[in-house]
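Have a look at the structure below, then the notes.
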Ligand SMILES: Cc1cc2nc3c(=O)[nH]c(=O)nc-3n(C[C@H](O)[C@H](O)[C@H](O)COP(=O)(O)OP(=O)(O)OC[C@H]3O[C@@H](n4cnc5c(N)ncnc54)[C@H](O)[C@@H]3O)c2cc1C
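In my numbering, the protein residues as written are 69 to 509.
Shown next, in the form of structure tokens:
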């Protein structure tokens, strides 16, 4: 190892982290080969998750392994460390890294990239922490799929109306694209699945969205949001608008419209906030708790520190006074500019501004159903669903993943998707533990 080499440390291996590293791997090829630059990426996971595919993964249209990109495979010139960064001392150019096992390590660096993304923004609602689940990770996506299918099994095997009703009531809180896509895809999967159950009809299931505002899917604009609401209502999904979740202790859901019901599935998708690491260091934060960032993706008032994506408050040059929304569209593009700006700073060249006009959004609502508003072109139903699939297929990183996703989709068109719950993978040792427990005879 060349001790005089410049050490670039990237905190987080998601969209921003992986794309920044990919860019640097290309632009700094010579320096990396000569050992004058080193890059380290740190993340608890060894893969980047293509989050827009999580709803389709939950619905069983895509295999979970095909929506994650192994960092070590795509970043052969970058060191990948698995663990969490727990403190940043940028003044000293050092950070505390907690490996998945073992003692924390102090790591020094020359250039810092903050790419730690966001976590669910929750509220102090009684019962939420214990009864609900978020929807940001591949683990949550797999768990939700197993849960919904497992609950259909539970309802089918019981004659107790209370058990059946609790099992067959599914709640999503938050009507942004994560919540609406999840609701649309999961409901569609469950409707597909109930044909194999003799005592459950589609009408026995209750799907509920709880949304605090008076609109859903703001990402596609008011008109398409309204259309989506009608579409979901037409499928029998209950949309509780201008309604708050008051509590959900033990799965007893109480809402601000006075409703009260039991549910074994409560998914919280009501917004995100920056990753906690922003509070454990000496970097400046804006009024929303994000890293205060300039249009050149440097952290305001610092040297050698960059940030982008959900963790950063990046001014939107196309909408003066506003910030870039936390989405993949910005994250990918910011990562490219960020990577180029690091290269420019190493070579003593001027940095460039990040500028991108939001193109709009596409959302899937279940098989053959979707909604889109891209550059003002509004689509609904099958054309939007087709656009959603082709767009994301073009965006998912690596040819390997594109082919695997395409094969998954093609197979499920011909052979129908799998509707079996593998809930036992969450407790794989249970069977063995029972076998190893001595008989009490
Ligand atoms: C279900 C869902 C659907 C979505 N669909 C769309 C869509 O259709 N279109 C769109 O534009 N956007 C979509 N988004 C949003 C988009 O995925 C995010 O905006 C994007 O991932 C942000 O990229 P990021 O790099 O900032 O964060 P991430 O991609 O989340 O990466 C952050 C990484 O940092 C790591 N990390 C966190 N804390 C630490 C720490 N202390 N130390 C080390 N590592 C850490 C995390 O493990 C993670 O790997 C969706 C999001 C979700 C959840």
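Every residue, glycine too, gets a C-beta built ideally from N, C-alpha and C. None of these values were measured; they are calculated from a predicted model.
**Message:** Am I right that residue 215 and residue 333 are in contact with their C-beta atoms under 8 Å? What's the rounded C-beta distance?
**Reply:** Going by Cβ atoms, the distance from residue 215 to residue 333 rounds to 6 Å, so yes, they are a contact pair.
**Request:** Run through the stretch 91 to 116 for me and flag every whole beta strand (DSSP E) of 3 or more residues, listed as ranges in chain order.
**Result:** List check, beta strand (DSSP E) in window: 105 to 111.
**Request:** For residue 349, decide whether its Cβ has a neighbour in chain D, counting only Cβ atoms nearer than 8 Å.
**Result:** Among the protein chains of the structure shown there is no chain D, as only one such chain exists.
**Prompt:** Is there contact between the stretch 249 to 269 and the stretch 313 to 320, where contact requires at least three CB pairs shorter than 8 Å?
**Reply:** Under the Cβ criterion (8 Å, minimum of three pairs), the stretch 249 to 269 does not count as touching the stretch 313 to 320.
**Prompt:** By DSSP, does residue 478 sit in helix, in strand, or in coil?
**Reply:** Three-state result, residue 478: helix.
**Request:** Would you list the one or two residues that DSSP bridges to residue 276?
**Result:** Beta-bridge pairing links residue 276 to 239, 306.
**Message:** Below 7 Å, is the gap between the Cβ of residue 120 and the nearest heavy atom of ligand 1?
**Reply:** Yes, the Cβ of residue 120 comes within 7 Å of a heavy atom of ligand 1.
**Asked** Should residue 200 be labelled buried (16 or more other beta-carbon atoms within 10 Å of its own) or exposed?
**Response** With 16 or more other Cβ atoms within 10 Å, it is buried.
**Euclidean distance between Cα positions of residue 242 and residue 250** = Across the structure, residue 242 and residue 250 are spaced so that their CA atoms are roughly 11 Å apart.
**Asked** Under 7 Å from any heavy atom of ligand 1, does the C-beta of residue 186 make it?
**Response** It does: the Cβ of residue 186 is within 7 Å (strictly closer) of some heavy atom of ligand 1.
**Message:** Looking at the secondary structure, which residues open and close the beta strand (DSSP E) in which residue 334 lies?
**Reply:** In this chain, the beta strand (DSSP E) harbouring residue 334 covers 333 to 336.
**Request:** Work out the CA separation of residue 89 and residue 376 for me, nearest whole Å.
**Result:** One alpha carbon belongs to residue 376, the other to residue 89, and they sit about 13 Å apart.
**Item:** residue 129, buried or exposed, once every other Cβ within 10 Å from all chains shown has been counted against 16
**Value:** Classified as buried, residue 129 has 16 or more neighbouring CB atoms from the shown chains inside 10 Å of its CB.
**Three CB pairs or more closer than 8 Å across the stretch 405 to 419 and the stretch 447 to 455** = Judged by Cβ distances under 8 Å, the stretch 405 to 419 makes no contact with the stretch 447 to 455, as fewer than three pairs qualify.
**Prompt:** Rounded to a whole number of angstroms, what is the C-alpha to C-alpha distance between residue 152 and residue 167?
**Reply:** Taking the straight line from one Cα to the other gives about 6 Å.
**Prompt:** Measuring from the CB of residue 204, is there a heavy atom of ligand 1 at a distance below 7 Å?
**Reply:** Yes - ligand 1 has a heavy atom lying nearer than 7 Å to the Cβ of residue 204.
**Prompt:** If you count every other CB in all the chains shown that lies within 10 Å of the CB of residue 351, and 16 or more means buried, which is it?
**Reply:** Burial is judged here by how many other beta carbons sit within 10 angstroms of a residue's own beta carbon; residue 351 has at least 16 and is buried.
**Message:** Can you tell me where the alpha helix (DSSP H) holding residue 414 begins and where it ends?
**Reply:** 396 to 414 is the span of the alpha helix (DSSP H), which, as asked, contains residue 414.
**Request:** Specify whether the stretch 93 to 102 and the stretch 117 to 133 touch according to this definition: at least 3 beta carbon pairs, one from each stretch, less than 8 Å apart.
**Result:** With a cut-off of 8 Å, the stretch 117 to 133 and the stretch 93 to 102 do not count as touching, because too few Cβ pairs lie within range.
**Inter-residue spacing [alpha-carbon to alpha-carbon] between residue 69 and residue 372** = Note that residue 69 has pLDDT 46, beneath the 50 cutoff, so the model's placement of it is unreliable and no number is given.
**Through-space distance from residue 211 to residue 71, alpha-carbon basis** = Here the model assigns residue 71 a pLDDT of 49, short of 50, so the residue's position is not dependable and the matter cannot be decided.
**Close-in-space but distant-in-sequence residues of the same chain around residue 221 (CB under 7 Å, 5 per side omitted)** = Excluding positions up to five away in sequence, the list reads 489.
**Message:** Measuring only from the beta carbon, is residue 512 closer than 7 Å to any heavy atom that is part of ligand 1?
**Reply:** Past the boundaries of the shown model lies residue 512; the chain is included only from 69 to 509, so the question cannot be answered.
**Message:** Assuming residue 367 is part of the alpha helix (DSSP H), what are its boundary residues?
**Reply:** Per DSSP, residue 367 belongs to no alpha helix (DSSP H) and is neither H nor E.
**Asked** How would you call residue 148, buried or exposed, if buried means at least 16 neighbouring beta carbons within 10 angstroms?
**Response** Only buried fits residue 148, as 16 or more other CB atoms lie within 10 angstroms of its CB.
**Message:** Could you check whether residue 232 and residue 223 sit closer than 8 Å to each other, using their CB atoms as the reference points?
**Reply:** It is a contact, given that the beta carbons lie within the stated cut-off.
**Asked** By Cβ distance, which residues of its chain are closer than 8 Å to residue 498, with the 5 residues on each side in sequence left out?
**Response** Hits under 8 Å: 492.
**Prompt:** By the 10 Å Cβ neighbour count, where 16 or more other Cβ atoms means buried, how is residue 441 classified, buried or exposed?
**Reply:** By the neighbour-count rule (16 or more Cβ atoms within 10 Å), residue 441 is buried.
**Item:** Top-ranked residue by Cα proximity to residue 272, from 234, 253, 307
**Value:** Taking only the C-alpha atoms, the option nearest residue 272 is 234.
**Asked** Residue ranges of each beta strand (DSSP E) run of no fewer than 3 residues wholly in the stretch 118 to 163, ordered along the chain?
**Response** Within the stretch 118 to 163, the complete beta strand (DSSP E) segments of 3 residues or longer fall at 136 to 138, 147 to 157, listed in chain order.
**Request:** Please state whether DSSP places residue 71 in a helix, a strand or coil.
**Result:** The pLDDT assigned to residue 71 is 49, lower than 50, so where the model puts this residue is not dependable; a value taken from the coordinates is nonetheless given after this. For residue 71, the secondary structure class from DSSP, reduced to helix, strand or coil, is coil.
**Prompt:** Would you say the beta carbon of residue 256 comes nearer than 7 Å to a heavy atom of ligand 1?
**Reply:** It does not: the Cβ of residue 256 is nowhere closer than 7 Å to a heavy atom of ligand 1.
**Request:** Measuring alpha carbon to alpha carbon, tell me which of 457, 338, 142 ends up nearest residue 474.
**Result:** When only C-alpha atoms are compared, the closest one is 457.
**Message:** With a threshold of 7 Å (Cβ to nearest heavy atom), would residue 462 be considered close to ligand 1?
**Reply:** Relative to ligand 1, even the nearest heavy atom lies 7 Å or more away from the CB of residue 462.
**Asked** Are the Cβ atoms of residue 248 and residue 431 separated by less than 8 Å?
**Response** Yes, the Cβ-Cβ distance between residue 248 and residue 431 is below 8 Å.
**Message:** Buried or exposed, going by whether 16 or more other CB atoms sit within 10 Å of the CB of residue 418?
**Reply:** Per the 10 Å Cβ criterion, exposed.
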